[in-house]
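Just below is one structure, and these are the notes that go with it.
Number of protein chains: 2
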Amino acid sequence: MNPTIKDVAKKANVSTATVSRILNGLPGYSEETKKKVTEAIAELGYQPNAVARGLINKRTQTIGVLFPDVSGMLSSEVLEGVERAAHDAGFSVIVCNTASSGSRTIKYLRLLQEKRVDGIIFASENIKDEYAAIFSEMKVPVVLVSTESQKHTLPFVRVNDFEGAFSAAEFLIKNGHCKIGMIGGSFDDPIAGVPRMNGFKEALSKNGIEFEPNMLVANEGYRFNDGKNSLPKLLQQFPEMTAVFAASDELAIGAMSAAHEMNIKVPEQLSIIGYDNLKISEMCYPPLTTISQPLVQMGEKAGEMLTALIDGKEKTAESIYLPFEIVERLSVINRCKQ
Amino acid sequence: MNPTIKDVAKKANVSTATVSRILNGLPGYSEETKKKVTEAIAELGYQPNAVARGLINKRTQTIGVLFPDVSGMLSSEVLEGVERAAHDAGFSVIVCNTASSGSRTIKYLRLLQEKRVDGIIFASENIKDEYAAIFSEMKVPVVLVSTESQKHTLPFVRVNDFEGAFSAAEFLIKNGHCKIGMIGGSFDDPIAGVPRMNGFKEALSKNGIEFEPNMLVANEGYRFNDGKNSLPKLLQQFPEMTAVFAASDELAIGAMSAAHEMNIKVPEQLSIIGYDNLKISEMCYPPLTTISQPLVQMGEKAGEMLTALIDGKEKTAESIYLPFEIVERLSVINRCKQ
DNA sequence: TCTAGTTACGTAAACGTTTACATTATACGT
DNA sequence: ACGTATAATGTAAACGTTTACGTAACTAGA
């Protein structure tokens, strides 16, 4: 099969220990033997076996990442960041698509445990007690991205959704809108659902606008079709609305699509602001003004935190809120300047 | 640390061999001992160590997937399919982002070799000789997805781009268009560039339309901005155009965006057809008529082929062209019915 | 010249499995 | 009662590394 360290040792007339030392840059060999060994390695085309290494070192240089939805645009940007950071730190990443299913998540966690990954990144989903139990059983570092848990104290990297939503709503207000509706997520979603709705309400109230239930329509999910269906509903219960805050870009673009179909001009008749700054948000027409979550940077940061934890560089990781940003494009109009 | 098979054996008063047999469903133990062992496993919370297993079995139950662009929408859909198929067959997947860089690709390949993955899926990129050399050196199955190589005979799964492009152009013709332009990829891209341009030309010529160079603008890439920049150019060199075929959905949507800005109505004044059927294609306005590549299915099929090859179920894999499909939405108008 | 320290190695155990082979007990046919 | 096939189990080697420990040679200081 593949040549092993023994073959190299034999060819170079040294012991496997010496070869290993050379391979790992440990002290204890002469330049002369190093040369012999290096030549033997080249001649044989020797490649160290990471599996054997992993067995003895109890380190696989591999991390696992769990997403509810691998092909989602949000997940894929985060993944890019994670992969980059992991690879830069010498780790490979195994992707797992939980499809938001509890049982799948647990299966994957068990699998990662068997594979002896050195750490785990858990994205965009609520941490059930069951998961947390497995985490601590596994005794590997875990970092959360785009989610958090106050019950189970795990380090996370995300943006402050309350403030992001607050800023979005306030941005509309500053642009002269006072009849503002919201297309939100789910009341059952403590991560992206509730905080964004609360931030919205808070912005209204801080600016002397009283929130009324008819200004909001909530959704199970955050998808295009949810947004597309929500706009007509919202418009019906809140006809005087001049601007909408959508809790995700997909929702916003869905709303925009509905507006097109209803012959409502965006932004002239209706301003729309989204949340996420996915790649598509600059591709739609008009380009979407939105709250930017630095997704790949979040993934990257999470990857860095995790690998630092694994390498013991950090004892405990400090959770961080990454700054969001309002990226102004063309879907919001300033009513004052009209 | 974690309990090992030895701990289980001791607790159950049997040998490790027996435990192993029970774990792997091999014959040779009584119901009674099985019960003892199962109990011991449960009490200790024993989890087999896949690393040790991998060492002796020379199988890691892991495959590697290389993408030029992990967060690209195309890649991420393919990844979803691959992950699903792999997982169903008992494999984990390691993702690698080559960023279209040769040196990164090679580094990753070496890494996967060290990690002793059981197989490789290579997506969307041209196979350089150097890669092929490593493939054969690694002696693991490789399957290509969304690319192919006639020089190095590797199994692939993709759609026939020539025919896809041909159908797209012919679809426009059948809808009464005869002044048709194309926003294409690169002449240097033998995978998605040349075949799509040729398919386009062939459709014209088959229908008695003579192709002129001014009907085409080529691009380095397939991105939104390429499309956005290309439309004005194309319109300038081919003003009588009533329809465009774009070699990717991103190009098409970029073109649509440019049309919006130039106050050209889609599809009333200009019909657009894309290629890929990404998720965004139904989110833009008007929803994009496009050639559907079954991306997740392609990933899935590739994953199935690879795992079958690994498990030795298939000796050699048959390359396949998956069928494309024209998905009609609203970006193309029928001129005959006007 | 002797001792102590350093350098350059080699030996062998260990990591946690699987599995070929050996061993024992059991049942069965005559 | 005896051999034999079968079932149940154990022993130990093997997978390819790393590393604690041992040893021999050499250097340097007195």
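So the sequences go chain by chain: A and B.
Numbered as in this note's numbering, the first sequence ends at 338 without a single skipped number.
Numbered as in this note's numbering, the second sequence ends at 1338 without a single skipped number.
All C-beta atoms in this analysis are idealised placements derived from N, C-alpha and C, irrespective of residue type, glycine included.
Just so you know, these numbers come straight off a predicted model, no measurement behind them.
Next item on the list: Taking the CB atoms as reference points, tell me whether Tyr275(A) and Ile264(A) lie closer together than 7 Å.
Entry: Position 275 of the first sequence, counted from the first residue, corresponds to residue 275(A). Position 264 of the first sequence, counted from the first residue, corresponds to residue 264(A). It is not a contact, given that the beta carbons lie outside the stated cut-off.
Next item on the list: Evaluate Thr153(A) with the Cβ neighbour count: other Cβ atoms within 10 Å of its Cβ, from every protein chain shown; 16 or more gives buried, anything less gives exposed.
Entry: The residue you call residue 153(A) lines up with position 153 of the first sequence. Its Cβ having fewer than 16 others within 10 Å, Thr153(A) is exposed.
Check: Would you say Ile94(A) and Ser1075(B) are within 7 Å of each other, going by their C-beta atoms?
Finding: Residue 94(A) sits at position 94 when you count from the first residue of the first sequence. Residue 1075(B) sits at position 75 when you count from the first residue of the second sequence. Taking a C-beta distance under 7 Å as the contact criterion, Ile94(A) and Ser1075(B) do not qualify as a contact pair.
Notebook entry, point to check: How would you label Cys284(A), buried or exposed, when you count the other beta carbons within 10 angstroms and need 16 or more for buried?
Noted result: If you number the first sequence from 1, residue 284(A) lands on position 284. It is buried - the Cβ of Cys284(A) has at least 16 other Cβ atoms within 10 Å.
Next item on the list: Output yes or no for whether 7 Å exceeds the beta carbon distance between Leu1183(B) and Gly1119(B).
Entry: Working through the second sequence from its first residue, we reach residue 1183(B) at position 183. Working through the second sequence from its first residue, we reach residue 1119(B) at position 119. Residue identity check: residue 1183(B) is Ile in the sequence provided, not Leu. No. Outside cutoff.
Notebook entry, point to check: How long is the line joining the alpha carbons of Asp1007(B) and Ser186(A), rounded to whole angstroms?
Noted result: Reading the second sequence from its first residue, position 7 is the one you call residue 1007(B). Reading the first sequence from its first residue, position 186 is the one you call residue 186(A). So the two alpha carbons sit approximately 47 Å from each other.
Check: Once you ignore the five residues that flank Thr134(A) on each side, which residues in its own chain have a CB closer than 6 Å to its CB?
Finding: One-based indexing of the first sequence puts residue 134(A) at position 134. The identity of residue 134(A) in the sequence shown is Ile, whereas the question assumes Thr. Shown here for Ile134(A): same chain residues with a beta carbon closer than 6 Å to its own, the five before and five after excluded, namely Leu109 in chain order.
Margin query: I want to verify the contact list: residues of chain B whose CB lies under 9 Å from the CB of Thr289(A), in sequence order.
Written below: Translated into positions along the first sequence, residue 289(A) becomes position 289. Chain-ordered listing is empty here: chain B has no CB closer than 9 Å to the CB of Thr289(A), the nearest sitting near 15 Å.
Notebook entry, point to check: What residues in the stretch 43–69 of chain A bring their beta carbon closer than 9 Å to a beta carbon of chain B?
Noted result: Flagged, chain order: Gly45, Gln47, Pro48, Asn49, Ala50, Val51, Ala52, Arg53, Gly54, Leu55, Lys58, Thr60, Gln61, Thr62, Gly64, Val65, Asp69.
Note to self: Please confirm whether Val95(A) has its beta-carbon closer than 7 Å to some beta-carbon of chain B.
What the structure shows: By one-based count along the first sequence, residue 95(A) stands at place 95. So yes, Val95(A) belongs to the interface.
Check: From this set, Glu32(A), Tyr321(A), Lys36(A), Glu220(A), which residue's C-alpha is nearest Lys11(A)'s C-alpha?
Finding: As a first step, residue 11(A) must be located in the first sequence, where it is residue number 11. When each option's Cα is compared against that of Lys11(A), the closest is Lys36(A).
Checklist line | Endpoints, alpha helix (DSSP H) assigned at Thr1098(B) | finding: If you number the second sequence from 1, residue 1098(B) lands on position 98. Here Thr1098(B) belongs to no alpha helix (DSSP H), and DSSP marks it neither H nor E.
Item checked: C-alpha distance - Val1051(B) paired with Val51(A), whole-angstrom precision -> Position 51 of the second sequence, counting from 1, holds the residue named residue 1051(B). Position 51 of the first sequence, counting from 1, holds the residue named residue 51(A). Each residue's alpha carbon lies about 6 Å from the other.
Notebook entry, point to check: Glu300(A) touches chain B at which residues, Cβ-Cβ below 8 Å?
Noted result: For the purposes of this step, residue 300(A) is identified with residue 300 of the first sequence, where counting begins at 1. Simply none; closest approach about 12 Å.
Notebook entry, point to check: Can you list, in chain order, the residues of the stretch 1257–1269 of chain B whose Cβ is nearer than 7 Å to any Cβ on chain A?
Noted result: Those residues of the stretch 1257–1269 of chain B placed with their C-beta closer than 7 Å to a C-beta in chain A are Ser1257, His1260, ordered along the chain.
Next item on the list: Could you tell me whether the Cβ of Ser1281(B) comes closer than 7 Å to any Cβ of chain A?
Entry: Locating residue 1281(B) in the second sequence gives position 281, where the first residue counts as 1. So, not an interface residue.
Check: To the nearest angstrom, how far is it from the Cα of Asn126(A) to the Cα of Glu328(A)?
Finding: In the first sequence, counting from the first residue as 1, residue 126(A) sits at position 126. In the first sequence, counting from the first residue as 1, residue 328(A) sits at position 328. Asn126(A) and Glu328(A): Cα-Cα distance of roughly 31 Å.
Notebook entry, point to check: Can you tell me the Cα-Cα spacing of Glu1163(B) and Ser1271(B), whole angstroms?
Noted result: In the second sequence, residue 1163(B) corresponds to position 163, counting from 1. In the second sequence, residue 1271(B) corresponds to position 271, counting from 1. One Cα belongs to Glu1163(B), the other to Ser1271(B), and the distance between them is close to 20 Å.
Next item on the list: Would you verify that the beta carbon of Leu251(A) is, or is not, closer than 7 Å to some beta carbon of chain B?
Entry: Numbered from its first residue, the first sequence carries residue 251(A) at position 251. Answer no: the Cβ-Cβ gap between Leu251(A) and chain B never drops below 7 Å.
Checklist line | Range covered by the beta strand (DSSP E) that runs through Arg1059(B) | finding: One-based indexing of the second sequence puts residue 1059(B) at position 59. Judged by DSSP secondary structure, Arg1059(B) falls outside any beta strand (DSSP E); it is assigned neither H nor E.
Check: In chain order, what residues of the same chain lie with their CB nearer than 8 Å to the CB of Leu1210(B), ignoring the 5 residues before and after it?
Finding: The residue labelled residue 1210(B) in the question sits at position 210 within the second sequence. This sequence places Glu at residue 1210(B); Leu is not what is there. Answer for Glu1210(B): Leu1204, listed in chain order.
Margin query: Looking at Met1262(B): is its Cβ nearer than 7 Å to the Cβ of Phe1238(B)?
Written below: Translated into positions along the second sequence, residue 1262(B) becomes position 262. Translated into positions along the second sequence, residue 1238(B) becomes position 238. Note that the C-beta distance between Met1262(B) and Phe1238(B) is not below 7 Å.
Check: By the criterion of Cβ-Cβ separation under 7 Å, what are the contact partners of Leu111(A) in chain B?
Finding: To locate residue 111(A), count along the first sequence from 1; it is residue 111. Neighbours of Leu111(A) on chain B, chain order: Ser1092.
Notebook entry, point to check: Would you say Leu1309(B) faces chain A, with C-beta separation under 7 Å as the test?
Noted result: As a first step, residue 1309(B) is located in the second sequence; it is residue number 309 there, counting from the start. Not an interface residue.
Checklist line | 6 Å CB neighbourhood of Gly54(A) in its chain, flanking five on each side removed | finding: Within the first sequence, residue 54(A) is the residue found at index 54, counting from 1. Excluding the 5 residues flanking it on each side, Gly54(A) has same chain C-beta neighbours closer than 6 Å at Thr60, in chain order.
Note to self: Could you pull the DSSP bridge partners for Phe1224(B) from this structure?
What the structure shows: Indexing the second sequence from 1 puts residue 1224(B) at position 224. Paired residues: none, contrary to the question.
Note to self: Can you list, in chain order, the residues of its chain with a C-beta nearer than 8 Å to that of Ala1086(B)? Leave out the 5 residues immediately preceding and following it.
What the structure shows: Position 86 of the second sequence holds residue 1086(B). Close CB contacts of Ala1086(B) within its chain, under the 8 Å cut and outside five residues either way in sequence, are with Ile1063, Ser1092, Val1093, Gly1303, Leu1306, Thr1307 (chain order).
Next item on the list: Go through its chain and collect everything with a Cβ distance to Ala252(A)'s Cβ below 8 Å, but skip five positions before and after it.
Entry: Along the first sequence, one-based indexing puts residue 252(A) at 252. For Ala252(A), where only same-chain residues beyond five positions count, the Cβ hits under 8 Å are Ile183, Gly227, Val244, Ala246, Ile272, Ile273, Gly274, Tyr275, Ser281, Leu288, Thr290, Ser331.
Checklist line | Collapsed DSSP secondary structure at Leu231(A) in the structure displayed | finding: Counting from 1 along the first sequence, the entry for residue 231(A) is found at position 231. Residue state, collapsed to three classes: helix.
Next item on the list: Report the partner residues of Leu74(A) according to the DSSP bridge assignment.
Entry: Translated into positions along the first sequence, residue 74(A) becomes position 74. Note: Leu74(A) sits in no beta bridge, so no partner.
Notebook entry, point to check: Could you give the distance in angstroms between the alpha-carbon of Gly1208(B) and the alpha-carbon of Leu1235(B)?
Noted result: One-based indexing of the second sequence puts residue 1208(B) at position 208. One-based indexing of the second sequence puts residue 1235(B) at position 235. In a straight line, the C-alpha of Gly1208(B) is about 22 Å away from that of Leu1235(B).
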